[in-house]
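Residue numbers (the numbering used here): 1 to 223.
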Amino acid sequence: TTTATTTATATTTRRTFFLQSQSKGLSFVEEACSQVIKVSLTAFLVGSLSLAPALAANNDGGASLGSNAKITTGGASTLQSGRTIAITRGVNLDNSDFAGQNLKGVAFQQSIVRDANFKDSNLIGASFFDATLDGSNFENADMTLANVEMAQFNRANLHNTVTREMYVSGATLFEGIKDIEGSDWTDTMLRRDQQKLLCAHPTAKGTNPVTGVDTRESLMCPD
């Protein structure tokens, strides 16, 4: 009896499905397929979520990965336009050697960067906002478009440095600067007293070897 009942139920179900298919046409079949797809997709998502923690753990390579690597002397790292850019915000970089390096766009803001060596470095667009640069060597470096707002350059060497279009502020201090011979200050808008200070500096002379611009002319010194 039970077998007969089960068989009858199955037959009825098949008949009902067939009749619904005939009456509703393709839309019924599409709805059924849609339900199957939804179930499969849900199962896939559940499986993906269960694997997520493991994938995250595998990608957490710390400093062993290039994208996570820290700059030699400290700071964090990020990616920009497919290349690694070091961020050294608010760290102590005293006596660091960055000579000859491509540091375009690197941020050194609010860092202590005393007696560091940036000779021959590419510092285009770098940020030294509120940084202490006392005694650092920027000889032959390109600091075009660098942000030096609120920075201080006591004992700093800017010999033959390209300092064009730098961002300065009223709090940027060049008092005690060591050497500016051959530097090019074109389109860097200096505060009047800082301009006078640089023009009165004994090394305010020469021509920049890269741009060919006279130092005093770039500073608009009233000779």
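Backbone N, C-alpha and C fix where the C-beta goes; we use that ideal spot for every residue, glycine too.
Exercise for review: Write down the C-beta distance between D134 and R114 rounded to the nearest angstrom, noting that I regard them as a contact closer than 8 Å.
Suggested key: 5 Å
D179 by DSSP, collapsed to three states: which one? strand
*Three or more beta-carbon pairs under 8 Å between the stretch 212–222 and the stretch 148–158, yes or no?*
no
Q: Within its chain, find whatever has a CB closer than 8 Å to the CB of E181; leave out the 5 residues flanking it on each side and keep chain order.
A: H159, N160, T203, A204, K205, G206 and T215
For A52, count neighbouring C-beta atoms within 10 Å of its own C-beta (all shown protein chains included) and say buried if the count is 16 or more, exposed if not.
Residue confidence is low: A52 scores 33 on pLDDT, short of 50, so the model does not pin down where it sits. No coordinate-derived value is stated.
- Query: Residues bridged to Q195 by DSSP?
  - Reply: DSSP output for Q195 lists no bridge partner at all.
Name the one or two DSSP bridge partners that I112 has.
-> N92 and T132
*asked:* Rounding to the nearest angstrom, what Cα-Cα distance links G90 and F174 in this structure?
replied: Straight-line measurement puts the Cα of F174 at about 21 Å from the Cα of G90.
Requested in this report: Would you kindly check if the distance between the Cβ of D120 and the Cβ of G105 is under 9 Å?
Outcome: no
Can you say whether N140 is buried or exposed, counting buried as having 16 or more other CB atoms within 10 angstroms of its CB?
buried
Compute the Euclidean distance between the alpha carbons of L190 and S169, then round it to the nearest angstrom. 8 Å
| task | Would you please state the rounded distance, in angstroms, between the beta carbons of T224 and Q195? I believe it to be under 8 Å. | result | Residue numbering for the chain in the displayed model covers 1 to 223; residue 224 lies beyond these limits and cannot be assessed.
State the start and end residues of the unbroken alpha helix (DSSP H) segment that holds R155. Looking at the DSSP string, R155 is not in any alpha helix (DSSP H), and its letter there is neither H nor E.
- Query: For V162, which residues does DSSP report across the bridge?
  - Reply: Assignment of beta-bridge partners to V162 by DSSP yields D142 and D184.
Check: A171 C-beta below 8 Å from any heavy atom of the ligand MN: Among the ligands in the structure shown, none appear at all, so the ligand MN cannot be discussed.
Query raised in the report: Residues in its own chain within less than 7 Å of T132 by CB, not counting five upstream and five downstream?
Result: I112, V113, R114 and Q152
Backbone secondary structure at T207 - three-state DSSP = strand
Name the residue from G176, V213, T211 and D142 whose alpha carbon lies nearest to the alpha carbon of L198. G176
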